[in-house]
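Novice:
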Amino acid sequence: MALLLGLDFGTGGVRVGLFDLEARRMLGEREADYPTRHPRPGWAEQSPADWWEALGKASRALLRDLGQPEVAGICAATTASTVVACRRDGTPLRPALLWMDCRAAAESDRTARSRHPVLAYSGGSDAAEWLVPKAMWLAAHEPALYAETQVFCECLDWVNFRLTGRWAGSRMNATCKWNWDSVTGRFHDALFAELGVPDLAAKLPDAILPVGAPVAALSGEAAAHLGLANRPIVAQGGIDAHIGMVGANTLEPGEVLMIGGTSVVHLFQLDAERPVTGFWGPYPHALEDGRWLVEAGQVSAGSVLSWFSREIFALDGAGHDELCAAAAKIPVGGSGLLALDYFMGNRTPYRDPHLRGAVLGLSLGHDRAALYHAAVEGVALASANVLKRMDELGIACRRIVTSGGYSRNPLWLKATVDALGRAVELPSRTNLTIVGACGCAATGAGLVPDLQAAARAVAAPGETVEPDLAAHARYRELLGDYLEATELLAPLSRRLAARQTRDTNS
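What follows is the structure, given as structure tokens:
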């Protein structure tokens, strides 16, 4: 058997899956959680040690249950822009800045004022979530720590280092989030100097490898930690949702992968460079040679729904199911409420970390079901707004594949499909990131020639969910309200966000 181990480091925990390439099926999955800390509003941090401990726990449990089989290849996919500042031996110097941490909003604004040509590959600026603005923030606010830092990296790079002892950045992450010029194959020191971090390139992993390339063999220490008797090849991975494109087999232009989780990510590739105003990219060669990767999405999505059900309403899983059932009885727009999903800013199409969430139309007659229903509609409308921008740019969208939280929340899935007004494929394998990571592991281990072959080997069919066209017509009206409310409230949102930042830092 050709067995492959896929690792998916998400916001709340790590999921580990073992895939049989010959049988084209997942043999089993295990998960272990780790905490997130929010020391200030808008900040989010995690401990890399917690990632490593959770990985060992999940992997050992999975492999023990499956009889300690030998594995041919391993690949990790992680949240993007979860930034680690550490020594060269991997020792973290502070908690990692989680991807959703938006403390570097001012630094993001500063990148937008640069005219360096490499920024064209990221749409003209860096998001507050990304590594470079976060490094800029640390240089300005924690200068002693910045000076002591020998390696700035992401969760993926730190995990791969712990697995192999080699520092090697992913060409995907570097191109999409670090201002790596994948056309010329280098960083631009002049840009980093302009941004106040002239030595940043020297602190980044010095090897940049394409997705699916071998990094190194698993170390003996890491093999013991994972519960493996052999030392398979570790293949280069990438951003969790983006690696899901391999698992969904959505590598061709015109195909869109939409993964719903804490955030929502919309991903597609182009055959050639073209303007994608409002989106991130196009990133040359980020996933495949000769293709331009484009990223869109929402910073807050499933996290908004969880915030309402867990933090505000204090519901457990059963209570959440009851809430969804009650909310499902409300027709589209029937609550009379309108929710904006910008709880942690907007990724696309406004690229504005200073926007904030809102619920409009509240009265004393509204209950929890109405609030939750409005939140679901708001998140769905944000996805529809992304596809609206694709249409405006003339970008074809002939196929949509979705996975993640949609498969576990039928109300969210239906609202999204109806808001889009398009058929959506829901694969039978819900965790496309693990499946895609296993495909990349097969490439790194030499079991398949490239990512295209890997995608064909691991992807599985699923069901097609059709939209309710009457509901879609109502969502089209709500989208107009959503856009109007965004425009009207944006100046106030930015003032409130600036005031919060000022008061927090004073």
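Taken in order, the sequence shown gives residues 1 to 506; the numbers are from the UniProt record's numbering. Ideal Cβ placement from N, Cα and C applies to all residues, glycine included.
1) Quick one: what does DSSP say Ser-59 is sitting in, helix, strand or coil?
2) Compute the beta-carbon to beta-carbon distance between Ile-239 and Asn-173, rounded to the nearest angstrom, for a pair I have assumed lies under 8 angstroms.
3) Judging by CA-CA distance, which residue of Leu-451, Asp-468, Arg-499 and Gly-439 is the nearest neighbour of Leu-18?
4) My assumption, with CB atoms under 8 angstroms, is that Leu-191 sits in contact with His-285. Please give the rounded CB distance.
5) Under 8 angstroms: do the segment 116-128 and the segment 84-96 share three or more Cβ pairs, one atom per stretch?
6) So Gly-444 is in the alpha helix (DSSP H); what residue range does that whole segment cover?
7) Do you know whose CA, among Tyr-146, Ala-139 and Pro-95, lies nearest Arg-37's CA?
8) What residue does the alpha helix (DSSP H) around Ile-233 start on, and which one ends it?
9) Going by DSSP in three states, Met-344 sits in which element: helix, strand or coil?
10) Starting from Ala-224 and walking both ways along the alpha helix (DSSP H), at which residues does that stretch end?
11) In this structure, how does DSSP classify Ala-168 when only helix, strand and coil are distinguished?
12) Decide if Arg-389 is buried, meaning its Cβ has at least 16 other Cβ atoms within 10 Å, or exposed.
13) Regarding Val-294 and the ligand GTP, is the C-beta to nearest heavy atom distance less than 8 angstroms?
14) Exposed or buried, which one is Glu-221 when buried takes at least 16 other CB atoms within 10 Å?
15) Along the alpha helix (DSSP H) that carries Phe-192, what are the first and last residues, could you check?
16) Taking the straight line between their C-alpha atoms, what separation do you get for Leu-74 and Ala-457?
17) If you follow the beta strand (DSSP E) that Asp-450 is part of, which residue opens it and which one closes it?
18) Can we say the segment 334-353 touches the segment 376-385, given the rule of at least three CB pairs closer than 8 angstroms?
19) Tell me whether the beta-carbon of Val-386 lies closer than 9 angstroms to the beta-carbon of Glu-425.
20) At what residue ranges does the segment 356-419 contain a whole run of the alpha helix (DSSP H), taking only runs of 4 or more?
21) If we ignore side chains and look at the alpha-carbon of each, how far apart do Gly-333 and Ala-369 end up?
22) Going straight from the alpha carbon of Trp-52 to that of Tyr-34, what length do you get?
23) Quick check on the DSSP output: the alpha helix (DSSP H) that includes His-141 runs from which residue to which?
24) Just the Cα atoms here: how many angstroms apart are Cys-397 and Ser-81?
25) Which of the three DSSP states is assigned to Thr-486 in this structure?
26) Could you give the distance in angstroms between the alpha-carbon of Ala-2 and the alpha-carbon of Val-417?
27) When the Cα of Pro-39 is compared with those of Glu-22, Leu-98 and Asp-206, which residue comes out closest?
28) So the alpha helix (DSSP H) Gly-302 belongs to, where does it begin and stop?
29) Report, in whole angstroms, the separation of the C-beta atoms of Ala-223 and Arg-231, which I expect to be a contact under 8 angstroms.
30) Can you give me the Cβ contacts of residue 528 inside the same chain, cut-off strictly under 7 angstroms, excluding the 5 residues immediately before and after it?
31) Just to confirm, is the Cβ distance from Leu-189 to Pro-198 under 9 angstroms?
32) Rounded to whole angstroms, what's the CA-CA distance from Leu-496 to Asp-468? Just pull it up for me.
33) Report the CB separation of Cys-155 from Glu-295 in whole angstroms; it is logged as a contact under 8 angstroms.
34) Here's the rule: buried if 16 or more other CB atoms are within 10 angstroms of the residue's CB, otherwise exposed. What is Pro-491?
35) What's the C-alpha gap between Glu-31 and Ala-61?
36) Pick helix, strand or coil for Val-294, following the three-state DSSP scheme.
Specialist: If we stick to the structure as given:
1) Looking up residue 59 in the sequence shown gives position 59. Three-state DSSP puts Ser-59 in a helix.
2) In the sequence shown, residue 239 corresponds to position 239, counting from 1. In the sequence shown, residue 173 corresponds to position 173, counting from 1. Going by Cβ atoms, the distance from Ile-239 to Asn-173 rounds to 6 angstroms, so yes, they are a contact pair.
3) By one-based count along the sequence shown, residue 18 stands at place 18. Considering only alpha carbons, the answer is Gly-439.
4) Start at 1 with the first residue of the sequence shown, and residue 191 comes out as number 191. Start at 1 with the first residue of the sequence shown, and residue 285 comes out as number 285. Not confirmed; about 19 angstroms, so no contact.
5) no
6) As a first step, residue 444 is located in the sequence shown; it is residue number 444 there, counting from the start. Where Gly-444 is concerned, the enclosing alpha helix (DSSP H) stretches over 432-444.
7) For the purposes of this step, residue 37 is taken as residue 37 along the sequence shown, with counting starting at 1. It is Pro-95 whose Cα lies nearest to the Cα of Arg-37.
8) Numbered from 1 along the sequence shown, position 233 holds the residue referred to as residue 233. Run containing Ile-233: none in the alpha helix (DSSP H); it sits in the beta strand (DSSP E), 233-239.
9) Numbered from its first residue, the sequence shown carries residue 344 at position 344. Coil.
10) The count along the sequence shown starts at 1 and reaches residue 224 at position 224. Its alpha helix (DSSP H) spans residues 220-226.
11) Stepping through the sequence shown from its first residue, residue 168 is reached at position 168. Three-state result, Ala-168: coil.
12) Taking the first residue of the sequence shown as 1, we reach residue 389 at position 389. With 16 or more Cβ atoms within 10 Å of its Cβ, Arg-389 is classed as buried.
13) Here there are no bound small molecules, and the ligand GTP is not part of this structure.
14) The residue you call residue 221 lines up with position 221 of the sequence shown. Result: exposed.
15) For the purposes of this step, residue 192 is identified with residue 192 of the sequence shown, where counting begins at 1. Residues 189-194.
16) Indexing the sequence shown from 1 puts residue 74 at position 74. Indexing the sequence shown from 1 puts residue 457 at position 457. Checking the displayed sequence, the identity of residue 74 turns out to be Ile instead of Leu. Taking the straight line joining both Cα atoms gives about 16 angstroms.
17) One-based indexing of the sequence shown puts residue 450 at position 450. No beta strand (DSSP E) holds Asp-450; DSSP gives it neither H nor E.
18) yes
19) In the sequence shown, counting from the first residue as 1, residue 386 sits at position 386. In the sequence shown, counting from the first residue as 1, residue 425 sits at position 425. Against a cut-off of 9 angstroms, the Cβ pair of Glu-425 and Val-386 comes out as no contact.
20) 368-393
21) As a working note, residue 333 is residue 333 in the sequence shown. As a working note, residue 369 is residue 369 in the sequence shown. So the alpha carbons of these two residues sit roughly 13 angstroms apart.
22) Position 52 of the sequence shown holds residue 52. Position 34 of the sequence shown holds residue 34. Roughly 10 angstroms separates the two Cα atoms.
23) Numbered from its first residue, the sequence shown carries residue 141 at position 141. Here the alpha helix (DSSP H) through His-141 covers 131-141.
24) Translated into the one-based positions of the sequence shown, residue 397 becomes position 397. Translated into the one-based positions of the sequence shown, residue 81 becomes position 81. Whole-angstrom Cα-Cα distance: 27 angstroms.
25) Against the sequence shown, residue 486 aligns to sequence position 486. In this structure, Thr-486 counts as helix in the three-state DSSP scheme.
26) If you number the sequence shown from 1, residue 2 lands on position 2. If you number the sequence shown from 1, residue 417 lands on position 417. The alpha-carbon atoms of Ala-2 and Val-417 are separated by roughly 37 angstroms.
27) Stepping through the sequence shown from its first residue, residue 39 is reached at position 39. Ranking Glu-22, Leu-98 and Asp-206 by Cα distance to Pro-39 puts Leu-98 first.
28) Taking the first residue of the sequence shown as 1, we reach residue 302 at position 302. Unbroken alpha helix (DSSP H) run through Gly-302: 302-306.
29) Residue numbering aside, residue 223 sits at position 223 when the sequence shown is read from its first letter. Residue numbering aside, residue 231 sits at position 231 when the sequence shown is read from its first letter. Between Arg-231 and Ala-223 the Cβ distance is about 5 angstroms, and since that is below 8 angstroms, they are a contact.
30) Any property of residue 528 remains undetermined from this structure, which presents the chain solely from 1 to 506.
31) Start at 1 with the first residue of the sequence shown, and residue 189 comes out as number 189. Start at 1 with the first residue of the sequence shown, and residue 198 comes out as number 198. The sequence shown places Asp at residue 189, not Leu. In this structure, Pro-198 lies closer than 9 angstroms to Asp-189 by Cβ.
32) For the purposes of this step, residue 496 is identified with residue 496 of the sequence shown, where counting begins at 1. For the purposes of this step, residue 468 is identified with residue 468 of the sequence shown, where counting begins at 1. Looking at the two C-alpha atoms, the distance is approximately 38 angstroms.
33) Here the question's residue 155 lines up with position 155 in the sequence shown. Here the question's residue 295 lines up with position 295 in the sequence shown. 17 angstroms between Cβ atoms; not a contact.
34) Stepping through the sequence shown from its first residue, residue 491 is reached at position 491. With fewer than 16 Cβ atoms within 10 Å of its Cβ, Pro-491 is classed as exposed.
35) Numbered from its first residue, the sequence shown carries residue 31 at position 31. Numbered from its first residue, the sequence shown carries residue 61 at position 61. Whole-angstrom Cα-Cα distance: 9 angstroms.
36) Residue numbering aside, residue 294 sits at position 294 when the sequence shown is read from its first letter. Val-294 falls in the strand class under three-state DSSP.
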